[in-house]
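Asker: Protein chains in written order, with this note's numbering: chain A, 1409 to 1915; chain B, 400 to 825. Right, I'll just put the structure down here and ask away after.
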Amino acid sequence: MRLVLRGITKRFGSVVANDSISLTVEPGEIHCLLGENGAGKSTLMNVLYGLYKADEGEIELDGEVQHFTGPGDAMAAGIGMVHQHFMLIPVFTVAENVMLGNETTGFGGTLDLDAARDRVTEISERFGFHVKPDALVEDLPVGVQQRVEIIKALSRDAELLVFDEPTAVLTPQETDELMEIMRQLKEAGKAIVFITHKLREVRAVADRITVIRLGRVVGEADPKASNTELASMMVGRPVELVVHKDAPTLGDDALVVKDLRVVDLAGHQQVDGLSFTIRAGEVLAVAGVQGNGQTELTEALLGLQDDVSGSIVLDGVELVGKSTRAILDSGVGFIPEDRQVDGLVPGFTIAENLMLNRSFKSPFVKNGSLRLGALREFAQKKLHEYDVRARDIDSLAGNLSGGNQQKVVVARELSRDLRLLVAAQPTRGVDVGSIEFIHKQIVATRDSGIPVLVVSTELDEVVALADRIMVLYRGRVVGIVPADTPRETLGLMMTGERPQDLKDVAS
Amino acid sequence: MTETGNHPPAKDDEPVTGTATSTGASPLDPADPDPADSRNDRSRSMLREIASGDAMAGVLAVFLAVFVGSVMIAATDETVRETASYITARPSDFFTALWEAISGAYSAMFRGSIFNYIVTEPAQQWRPLTETLKFAGPLILGGLGVGLAFRAALFNIGGRGQMLIAGGAAGWVGFQLDLPMIVHLPLAILVGMLFGALWGGIAGLLKARTGAHEVIVTIMLNYVGYYLLFYALTKEWLLKTPGSVNPKSPPMKDSATLPKVLGEQFNLHLGFVLALVAVAVVWWVLNRSTLGYRIRAVGENPHAARASGINVGRTYTVVMMIAGSLLGLAGVNQVLGTVSSGVSLDLDASIGFDAITVALLGRSRPLGILAAGLLFGALKAGGFTMQASENISVDLVLVVQSLIVLFLAAPPLMRAIFRLPAQEAK
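So, in structure tokens, the structure goes:
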């Protein structure tokens, strides 16, 4: 199916999210939409999928102008969407999920599950998905769940498939498998729109690349273009993708974690006997697929988990059992993995957010009252120092872009007297320009002799920042390896496999 | 600082779909591609939107409610109905009747609440305004108590119980003890506030320790408070009047009565001054103190507050104690001031619930609550005159108050009526 978008414009109030975007996707083609977060890619796809109504422009499928009033129309017209967050019901089987919303029924409204089962088996065999129709979705690995989403779209005879940031939740291996699936679908004559901001993936599968910036098409790029060229197009200025750092100047053991165990509220052992050491002036990066204990590890370090055993010793002081406030006051800086949940108060101004973990004893507090003058002066300075793009220090944090929000968090944490920095997903959902800046700040922190723990699910980031890499799988250490370990080995380790010849590096 | 600050557009304004919350819908709203929203308590953000929207919404809600009230006045007016039956023949009759019904009602309300231009003696002319202030005092205090809890994202529906317990305790001090006024009055006020704080604090502590929802707990504590006071009114060593069968305590001693501030001819007593002081104190606490900073942080984002070392549970407890003491002061205002003839079971005069409306209309901000409290005080004072002189039921005031809440609680409805742009990208 041939898709033509012509002059699509979508405004939200005074903000133009899509500014006259035109795009053609041919059958048997993988068309990449490349752009930073907030560039308007998802808005465009939501227009295509009937979730938003375009203010101007038209959508044409095989030469016919479409007027979608909802996703139902789009699906009926042959458009399938694989969402970033799966729209599956965990306690249903694959077949039940696939038929959901499109149920075939027999006499008296009974569900025709057999038909759905056959359909799943048929599609699964045709594309080599290896999905069993009677498996419960909650038991399936994330990569397989994503295939269920694809089957769901294909079972409705989708000819155009939209993948919205599909690799965010996948391991490197699963990503490779997805790429293979996308190529197969292309061979089968499907038109594919692939939305992403990851350059490596774009170059691997794209036939054509359209780059979007600030709601506008800035041009087409050649799939053979270099990463730097693509990134520059995305950002609109030359960017540095490599993190420059010198060899670490290692000090004494600063953070010593021994046999750390964390049980979450549901009673699951999320961290299962972790032991590691970070020396002063060193970055230990934690690699692993999301959900393998990283969140619980960082939260345990900050005293945010209730059921923690083992020991965490920072500069000779035991942290397990201390309150979050005491841990913060003892000099632990924390960049949480989800800044909008744990890092910022969206309804607070930038200035107010900058004193969030210093409301007890700090230069901004005197006898229980706020010293607004000192706070404003500090905020002004940090706004400038950390290049936060905002109107002024009274702008609400919730109105900032992801990158600027993260800069506020980083500014707050690095402005304190630190003895340890815990940075979880420091650049998730952050634009390329800000990534560059934040990485430099993390390296500068390490160079000032502070031990740094970086947690990231992006292998690129882990490799770029790490002095040593610790790979986690199901709450356990698979291995602690040098930073120059090949990506394939790391990817394998992330699935829990430990290569035979692997040697752990001591600090 | 954030006194009149707009809040960011709530995510709920966008079409509620998975994709709408995934990547940014606009350059200014780059919602993260994280599953953050699922962790966000939807009801909390809803409550926040209702309780802290901008001031304009409040003004429009009042305007709309008054308009609907006018329609009701017209529809229930005999003359209007009669003239409507021959409206095509003589439309002027109908419109004259319509005008007289509505303008009559609202001018009666004006005479009863602000300035009575019919009488000639200046003191009598201004008497309605002092009545308005008298009624406004406890509404402002109660509104502050509810509004402060709103700022910590807590819904304090326990105003009634907090007022009853505080009023009972202050009343006990007020007639059982014999002390010089300089000790007696402050002691009665403080004891009342303390019991209010205790009653509110129970709900806060239960939420902090066990996660019990404060709405349920405060509602239930209203009943417990009511029957506790009922019990106290049957025991002479507590509140019962010896020899009386009525559940009412003896009158307050003069040394524990809030003095009249404008002389004996006006009913306005010190309670209103206390309310003004409370407005200033709560404003300072919320906007200038570290405690208020933490209260707002917990209310806006408890996750971030916790990750920043703020003890969320303790904050809940403290907030509910302060809220309870403010509502307690409202109860004290009744027992020692407005109705100093004795503690009775209806001492709260439904202020505990009206306070919720006041806090909502005041957008949970002290100055907004002051304005809303004055408005509601005026409605209360004016309603009686309206009933007396125009024969319009005083219940109309209640209807108008309820409509205000209804309109405030339905921002999309208001936007549709006034053709305001949607808030999705301010």
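Where is the CB? At the ideal position from N, CA and C, for every residue including glycine. The model shown is predicted, which means the values in this text are computed figures rather than measured ones.
Using a beta-carbon distance below 7 Å, is P811(B) in contact with chain A?
Answerer: It does not: the Cβ of P811(B) has no partner Cβ on chain A nearer than 7 Å.
Asker: What I want to know is whether the C-beta of R1555(A) ends up closer than 6 Å to one or more non-hydrogen atoms of the ligand PLP.
Answerer: Looking at this structure, you won't find the ligand PLP or any other ligand, since it has none at all.
Asker: Would DSSP call H1439(A) helix, strand or coil?
Answerer: H1439(A): strand per DSSP, three-state reduction.
Asker: Taking DSSP's pairing of strands, which residues face M1878(A) in a bridge?
Answerer: Looking at the DSSP assignment, M1878(A) forms a beta bridge with V1694(A) and I1888(A).
Asker: Count the other CB atoms within 10 Å of the CB of N700(B); is the residue buried (16 or more) or exposed (fewer)?
Answerer: With 16 or more Cβ atoms within 10 Å of its Cβ, N700(B) is classed as buried.
Asker: Using a 10 Å radius around the Cβ and a threshold of 16 neighbouring Cβ atoms, would you call E481(B) buried or exposed?
Answerer: Exposed.
Asker: On the DSSP bridge assignment, give the partners of N1426(A) in chain order.
Answerer: K1418(A), per the DSSP bridge assignment.
Asker: Check G1465(A) in the structure and name its three-state DSSP category.
Answerer: It is a strand residue.
Asker: Taking the DSSP output, what are the residues bridged to T1604(A)?
Answerer: DSSP lists L1442(A) as partners of T1604(A).
Asker: Within the segment 1520–1601 of chain A, note down every full alpha helix (DSSP H) run reaching 4 residues or more, in order along the chain.
Answerer: Within the segment 1520–1601 of chain A, the complete alpha helix (DSSP H) runs of at least 4 residues are 1521–1535, 1550–1563 and 1580–1595.
Asker: Please compile the residues from chain A whose C-beta is within a distance smaller than 7 Å of the C-beta of R687(B).
Answerer: What R687(B) touches in chain A: S1777 and L1778.
Asker: Look up V796(B) in the DSSP assignment and give the residues it is bridged to.
Answerer: The partner list for V796(B) (beta bridge, DSSP) is empty, contrary to what the question assumes.
Asker: Three-state secondary structure (DSSP) at A424(B)?
Answerer: Low per-residue confidence applies at A424(B): pLDDT is 35, beneath 50, and the placement is therefore not dependable, though the value from the model is reported in the following sentence. Coil, per DSSP.
Asker: Can K1443(A) and G1458(A) be called in contact, C-beta distance under 7 Å?
Answerer: Reading off the sequence shown, one finds Gly at residue 1443(A), where the question assumed Lys. Not in contact: G1443(A) and G1458(A) (Cβ atoms no closer than 7 Å).
Asker: Under the DSSP definition of a beta bridge, which residues are partnered with K1848(A)?
Answerer: None, per the DSSP bridge assignment.
Asker: Please give me, in chain order, every unbroken run of the alpha helix (DSSP H) with length at least 4 that falls completely inside the segment 700–754 of chain B.
Answerer: If we require 4 residues or more, the alpha helix (DSSP H) runs fully inside the segment 700–754 of chain B come out as 701–706 and 711–732.
Asker: Rounded to the nearest angstrom, what separates E1726(A) and L1658(A) at their Cα positions?
Answerer: When rounded, the distance between both Cα atoms is 22 Å.
Asker: Which whole runs of the alpha helix (DSSP H) in the segment 1749–1813 of chain A are 4 residues long or more, in chain order?
Answerer: Qualifying alpha helix (DSSP H) stretches, in chain order: 1758–1762 and 1780–1793.
Asker: Taking the straight line between their C-alpha atoms, what separation do you get for G457(B) and A770(B)?
Answerer: Approximately 11 Å, taken between the alpha carbons.
Asker: With a CB to CB cut of under 6 Å and the five nearest residues on each side skipped, what residues in its chain are close to A777(B)?
Answerer: Here the set comprises S512 and T531.
Asker: Is the beta carbon of A780(B) closer than 7 Å to that of F549(B)?
Answerer: No.
Asker: Got a sec, what are the start and stop residues for the alpha helix (DSSP H) G1857(A) sits in?
Answerer: That residue, G1857(A), is in no alpha helix (DSSP H); it is neither H nor E in DSSP.
Asker: Pull up the DSSP beta-bridge partners for G546(B), would you.
Answerer: DSSP, once it has assigned bridges, lists no residue as partnering G546(B).
Asker: What are the partner residues of T1618(A), as DSSP defines its beta bridges?
Answerer: Partner(s): L1441(A) and E1628(A).
Asker: Count the other C-beta atoms from every protein chain shown that fall within 10 angstroms of the C-beta of K1911(A), then say buried if there are 16 or more, exposed otherwise.
Answerer: K1911(A) should be labelled exposed.
Asker: What are the partner residues of D1661(A), as DSSP defines its beta bridges?
Answerer: D1661(A) pairs with R1687(A).
Asker: Considering Cα atoms alone, identify which of V1913(A), R1884(A), D1909(A) and D1892(A) is closest to T1903(A).
Answerer: T1903(A) has its Cα closest to that of R1884(A), out of V1913(A), R1884(A), D1909(A) and D1892(A).
Asker: Rounded to whole angstroms, what is the Cα-Cα separation between I1877(A) and P1890(A)?
Answerer: The straight-line gap from Cα to Cα measures roughly 6 Å.
Asker: Within 10 Å of its beta-carbon, does L1673(A) have 16 or more other beta-carbons around it, so buried, or fewer, so exposed?
Answerer: L1673(A) comes out exposed.
Asker: Could you check if M1590(A) is buried or exposed, using at least 16 other CB atoms within 10 Å of its CB as the buried criterion?
Answerer: Classification of M1590(A): buried, given that the 10 Å Cβ count is 16 or more.
Asker: Answer with yes or no whether the minimum CB distance from P429(B) to chain A is below 7 Å.
Answerer: The predicted model places P429(B) with a pLDDT of 35, which falls under 50 and marks its position as unreliable; any figure quoted below should be read in that light. It does; some Cβ of chain A falls within 7 Å.
Asker: For G1436(A), is the classification buried or exposed, using 16 other Cβ atoms within 10 angstroms of its Cβ as the cut-off for buried?
Answerer: With fewer than 16 Cβ atoms within 10 Å of its Cβ, G1436(A) is classed as exposed.
Asker: Taking the alpha carbon of A1633(A) as the reference point, which residue from H1847(A), D1615(A), R1621(A) and V1625(A) has its own alpha carbon closest?
Answerer: Of the listed residues, the one whose Cα sits closest to A1633(A) is D1615(A).
Asker: Pull out every residue of the segment 675–703 of chain B whose Cβ sits closer than 7 Å to any Cβ of chain A, in chain order.
Answerer: Answer in chain order: R687, S688, T689, L690, Y692, R693, A696, E699, N700, H702 and A703.
Asker: Do G1741(A) and E1690(A) have their C-beta atoms closer together than 7 Å?
Answerer: The answer is no: Cβ separation not under 7 Å.
Asker: Can you pull the chain A neighbours of S654(B), defined as C-beta to C-beta under 9 Å?
Answerer: What S654(B) touches in chain A: nothing, since even the nearest Cβ is about 34 Å away.
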